[in-house]
């Protein structure tokens, strides 16, 4: 890394992170941070973003990368019905990184921390061969308010927040030769797709609303709807149907389809990186939950299928016919 | 990575980590873990070990690496006077890693978790170009029991637990051509040096005892006594003396010196990786604290110098003469 030595960089980062809530007794810079803990259940999660696996350094700004790295962790807290409180940031940095890049990364982390009303309280930095951003987040949830992946019951409805596939579409757009997609890059829908990929939104309020509405199982869609729903089904010991016409496909993908060989439904089913919430809800709770989520947060909630006895996923075509739905998605060790 | 796909490996790791305390409401496998939080101050810390920076894969077993990776985090909690409670493990794994290696790594993590009576509650795995082990640990400390780096006052004594330099000596021994150090590798002292480097001990009980004894500042020695003491002085706004003859040099280093060109005092001052505790104590508390730490844990506590007004480090030679002590040590971005 060029620019600062470790202690100098730590000093700059501490300054960036110095605006903390009164719950933080001691922030970054000591052996550990000290925070007040709430009376609720603690929620702990960690997610690592690795250059060349989760992002390409030239294709995302340091600020967006920081924002996204924290957001994907917050999304895991949201998926339990919880509220994020404190974050720890560990960075692996290759020698060619400029310290200005690291400062920008922390700027993005701070932006996301402000967005989700949480505090960054510590971290670690090391040399590495590629950029590694490893974040741990603690949060809290009311003792009976937590929703795991394991409680879905036959008869429940499968619902998702928001629209799916935009992040996957944004990735395709970003990777396409720019002379082929110049029109798309200059369009509003093109910019929305790119933004979805680098600035995801964690559905914290929506998660709490779904928990209060009686969600029996919940998770965030990080690897793709199909594979993540198959995981929820496995943990709950159930099967799920997906009515393909009801999957809320991000509308920008139909524009993208005119410029690139993409299949909107396919991106919505297995594109990954959307960070929308996927939940099982008792049938009688769906309508009021959808109304509340839309009114409070402007986020649509869509019923896409049902929980059944058995295992695995079943796609229901427009004509009512059923076929197995392959749980494809993003495998961090696969392609 | 060869052997398992991601979901299969996650299943094996969950099984390894399934032996949890009753405080853990939900361990690995969901979006986040759920734990009960105590009524005390929370302590949060994270440390990342990167292949080629903190370890060489051929030179440490996966089991030792797991053990060490958790221990260095526990050491940071100990350095606050706290108790570790929960750990999160994020791994970056290159494609050539065998899944058996990862399973062994988790075995070592579990061994350390058992040693420190804590629970591993979650994590993340990703491809990466080198092995990256990023761990976050939460712990707790009584509301008035936390000791930061910032409270040392002129007149306090500087104390350290244990003996210093063994980990640095072990690293030198491990890196030496084996035909030059065969005798050393076969000796008890040689094995002790190697063990110090791969299986450090976190001084949790000692840290709490020092906190109760009135320590005004405390930290663990991870990068080397000189550089870490200089950091403690900077945070406290004070200077410190180090009487060189009083530095507790690991005795095995005097054996090592007969085989390799090492300077025992130099390794004790700047070898790093020792994870002993460094603290400032009021002079009147030193004798009883040393007695308690020795009786309870079998760990020596040595007074090595004093806190003075000013800044920086002062070495005191055997003849009483003083000179500036350069804060050398391990810089993660330096060498």
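Protein chains in written order, with this note's numbering: chain A, 59 to 393; chain B, 59 to 393. Beta carbons: idealized from backbone N, C-alpha and C, even for Gly. What you are looking at is a predicted structure, and each value in this text was computed from that prediction instead of being measured.
1. For residue 278 (chain A), would you say it is in contact with chain B, using Cβ-to-Cβ distances shorter than 8 angstroms as the test?
2. Since I believe residue 304 (chain B) is in contact with residue 362 (chain B) (beta carbons under 8 angstroms), could you give me their beta-carbon distance rounded to a whole number of angstroms?
3. Taking 8 angstroms as the threshold (beta carbon to beta carbon), is residue 20 (chain B) in contact with chain A?
4. Verify the CB distance criterion: does residue 170 (chain A) have a CB-CB separation below 8 angstroms to chain B?
5. Mind checking whether residue 251 (chain A) and residue 268 (chain A) have CB atoms under 8 angstroms apart?
6. Classify residue 112 (chain B): buried if its beta carbon has 16 or more other beta carbons within 10 angstroms, exposed otherwise.
7. Based on Cα-Cα distance, which residue from A:266, A:229, A:359, A:257 lies nearest to residue 328 (chain A)?
8. Can you give me the start and stop residues for the alpha helix (DSSP H) that residue 360 (chain A) sits inside?
9. Counting C-beta neighbours from all protein chains within 10 Å, is the total for residue 385 (chain B) 16 or more, i.e. buried, or is it exposed?
10. In the DSSP assignment, what are the bridge partners of residue 276 (chain B)?
11. Report the residues of the stretch 243-263 of chain A with a CB closer than 8 angstroms to any CB of chain B, ordered along the chain.
12. Would you kindly work out how many angstroms separate the C-alpha atoms of residue 135 (chain A) and residue 104 (chain A), rounded to a whole number?
13. Return the Cβ separation of residue 275 (chain A) and residue 209 (chain A) in integer angstroms, given the expectation that the two are a contact with Cβ distance under 8 angstroms.
14. What is the DSSP secondary structure of residue 373 (chain A), reduced to helix, strand or coil?
15. Give the list of continuous alpha helix (DSSP H) stretches no shorter than 4 residues that lie fully inside the stretch 79-106 of chain A.
16. Would residue 319 (chain A) and residue 312 (chain A) be called neighbours here (beta carbons separated by less than 8 angstroms)?
17. On a CA-only basis, which of B:370, B:117, B:92 is nearest residue 234 (chain B)? Give me that one, please.
18. To which residues of the same chain is residue 41 (chain A) closer than 8 angstroms at the C-beta, ignoring the five residues directly before and after it?
19. Compare the C-beta of residue 176 (chain A) with all C-beta atoms of chain B and state if any pair is closer than 8 angstroms.
20. Out of A:380, A:201, A:249, A:217, which has the shortest C-alpha to C-alpha gap to residue 224 (chain A)?
21. Inspect the CB distances between the stretch 189-199 of chain A and the stretch 276-285 of chain A and report whether three or more fall short of 8 angstroms.
22. At least one CB of chain A closer than 8 angstroms to the CB of residue 104 (chain B): is that the case?
23. Is the separation between the beta-carbon of residue 150 (chain A) and that of residue 124 (chain A) shorter than 8 angstroms?
24. So residue 257 (chain B) packs on residue 126 (chain B), CB below 8 angstroms; how close in whole Å?
25. Which residues does DSSP list as the beta-bridge partners of residue 215 (chain A)?
26. With 8 angstroms set as the bound, which would you pick, yes or no: does the beta-carbon of residue 148 (chain A) sit closer than that to a beta-carbon of chain B?
27. Taking the alpha-carbon of residue 97 (chain B) as reference, which of B:198, B:293, B:364, B:243 has the nearest alpha-carbon?
28. DSSP beta-bridge partners for residue 149 (chain B)?
29. Does DSSP put residue 382 (chain A) in a helix, in a strand, or in coil?
30. Can you name the residues of chain A whose CB is closer than 7 angstroms to the CB of residue 359 (chain B)?
31. How would you call residue 306 (chain A), buried or exposed, if buried means at least 16 neighbouring beta carbons within 10 angstroms?
32. By the 7 angstroms beta-carbon criterion, what residues does the stretch 206-237 of chain B contribute toward chain A?
33. How do the stretch 346-363 of chain A and the stretch 157-164 of chain A stand: do at least 3 beta-carbon pairs fall below 8 angstroms, yes or no?
34. Since residue 197 (chain A) sits in a beta bridge, which residues does DSSP pair it with?
35. May I ask you to report which of helix, strand or coil DSSP gives residue 392 (chain B)?
36. Tell me whether the stretch 80-99 of chain A and the stretch 168-175 of chain B touch, counting them as touching only if at least three CB pairs, one residue from each stretch, are closer than 8 angstroms.
Concretely, from the data shown:
1. Counting from 1 along the first chain, the entry for residue 278 (chain A) is found at position 220. Yes, residue 278 (chain A) counts as interfacial toward chain B.
2. Locating residue 362 (chain B) in the second chain gives position 304, counting from the first residue. Locating residue 304 (chain B) in the second chain gives position 246, counting from the first residue. That belief holds up - the Cβ atoms of residue 362 (chain B) and residue 304 (chain B) are roughly 5 angstroms apart, short of 8 angstroms.
3. The question about residue 20 (chain B) has no answer here: the residues shown for chain B are numbered 59 through 393.
4. The count along the first chain starts at 1 and reaches residue 170 (chain A) at position 112. Output row for residue 170 (chain A): interface = no.
5. On the first chain, position 193 is the one that residue 251 (chain A) refers to. On the first chain, position 210 is the one that residue 268 (chain A) refers to. Not in contact: residue 251 (chain A) and residue 268 (chain A) (Cβ atoms no closer than 8 angstroms).
6. Residue mapping note: residue 112 (chain B) aligns to position 54 of the second chain, counting from 1. By the neighbour-count rule (16 or more Cβ atoms within 10 Å), residue 112 (chain B) is buried.
7. What you label residue 328 (chain A) is simply residue 270 of the first chain in a count that begins at 1. Per the Cα distances, A:229.
8. Counting from 1 along the first chain, the entry for residue 360 (chain A) is found at position 302. Secondary structure note for residue 360 (chain A): it is in no alpha helix (DSSP H), and the uninterrupted beta strand (DSSP E) holding it is 359-366.
9. On the second chain, position 327 is the one that residue 385 (chain B) refers to. Buried, by the Cβ-count rule.
10. Position 218 of the second chain, counting from 1, holds the residue named residue 276 (chain B). Residue pairing by DSSP puts residue 276 (chain B) in a beta bridge opposite B:337.
11. Within the stretch 243-263 of chain A, no residue qualifies.
12. Within the first chain, numbered from 1, the residue matching residue 135 (chain A) stands at position 77. Within the first chain, numbered from 1, the residue matching residue 104 (chain A) stands at position 46. If you take the alpha carbons of residue 135 (chain A) and residue 104 (chain A), they lie about 10 angstroms apart.
13. Along the first chain, one-based indexing puts residue 275 (chain A) at 217. Along the first chain, one-based indexing puts residue 209 (chain A) at 151. Rounded, the Cβ-Cβ distance is 5 angstroms, consistent with contact.
14. Here residue 373 (chain A) corresponds to residue number 315 of the first chain, with the count starting at 1. Strand at residue 373 (chain A).
15. Assignment of alpha helix (DSSP H) within the stretch 79-106 of chain A, counting only whole runs of 4 or more residues, yields no such run.
16. Residue 319 (chain A) sits at position 261 when you count from the first residue of the first chain. Residue 312 (chain A) sits at position 254 when you count from the first residue of the first chain. No. Outside cutoff.
17. As a first step, residue 234 (chain B) is located in the second chain; it is residue number 176 there, counting from the start. Scanning B:370, B:117, B:92 for the CA closest to the CA of residue 234 (chain B) turns up B:117.
18. Because chain A here runs from 59 to 393, residue 41 (chain A) falls outside it and cannot be looked at.
19. Here residue 176 (chain A) is taken as the residue at index 118 of the first chain, counted from 1. Closer than 8 angstroms: no.
20. As a first step, residue 224 (chain A) is located in the first chain; it is residue number 166 there, counting from the start. The residue with the shortest Cα to Cα distance from residue 224 (chain A) is A:249.
21. Cβ pair count under 8 angstroms is below three, so no.
22. Here residue 104 (chain B) refers to the residue found at position 46 when the second chain is read from its first residue. Yes, because at least one Cβ of chain A sits closer than 8 angstroms to the Cβ of residue 104 (chain B).
23. For the purposes of this step, residue 150 (chain A) is taken as the residue at position 92 of the first chain. For the purposes of this step, residue 124 (chain A) is taken as the residue at position 66 of the first chain. At a Cβ-Cβ threshold of 8 angstroms, residue 150 (chain A) and residue 124 (chain A) do not count as neighbours.
24. Along the second chain, one-based indexing puts residue 257 (chain B) at 199. Along the second chain, one-based indexing puts residue 126 (chain B) at 68. Residue 126 (chain B) and residue 257 (chain B) do touch by the CB rule: their CB atoms are close to 7 angstroms apart, below 8 angstroms.
25. The residue labelled residue 215 (chain A) in the question sits at position 157 within the first chain. In the DSSP output, where bridge partners are listed per residue, residue 215 (chain A) has A:339, A:364.
26. The residue labelled residue 148 (chain A) in the question sits at position 90 within the first chain. Any Cβ of chain B closer than 8 angstroms to the Cβ of residue 148 (chain A) would place that residue at the interface, and such an atom is present.
27. The residue given as residue 97 (chain B) occupies position 39 in the second chain. If we check each option's Cα against that of residue 97 (chain B), B:198 comes out closest.
28. Translated into positions along the second chain, residue 149 (chain B) becomes position 91. As DSSP reads the structure, residue 149 (chain B) sits in a beta bridge with B:183, B:191.
29. Within the first chain, residue 382 (chain A) is the residue found at index 324, counting from 1. In the structure shown, residue 382 (chain A) sits in a strand (DSSP, three-state: E or B).
30. Translated into positions along the second chain, residue 359 (chain B) becomes position 301. Per Cβ cutoff of 7 angstroms: no residues; residue 359 (chain B) is ~18 angstroms from chain A at best.
31. The sequence position of residue 306 (chain A) within the first chain is 248, counting from 1. Around the C-beta of residue 306 (chain A), 16 or more other C-beta atoms lie within 10 Å, and the residue is accordingly described as buried.
32. Sequence-ordered contacts of the stretch 206-237 of chain B with chain A read 206, 207 [C-beta pairs closer than 7 angstroms].
33. Verdict: no, contact absent.
34. Position 139 of the first chain, counting from 1, holds the residue named residue 197 (chain A). Looking at the DSSP assignment, residue 197 (chain A) forms a beta bridge with A:101, A:142.
35. By one-based count along the second chain, residue 392 (chain B) stands at place 334. Because residue 392 (chain B) carries a pLDDT of 49, less than 50, the predicted location of this residue cannot be relied on, and the following value inherits that uncertainty. In the displayed model, residue 392 (chain B) falls within coil according to three-state DSSP, outside both helix and strand.
36. In short, these stretches do not touch, since the Cβ pair count stays below three.
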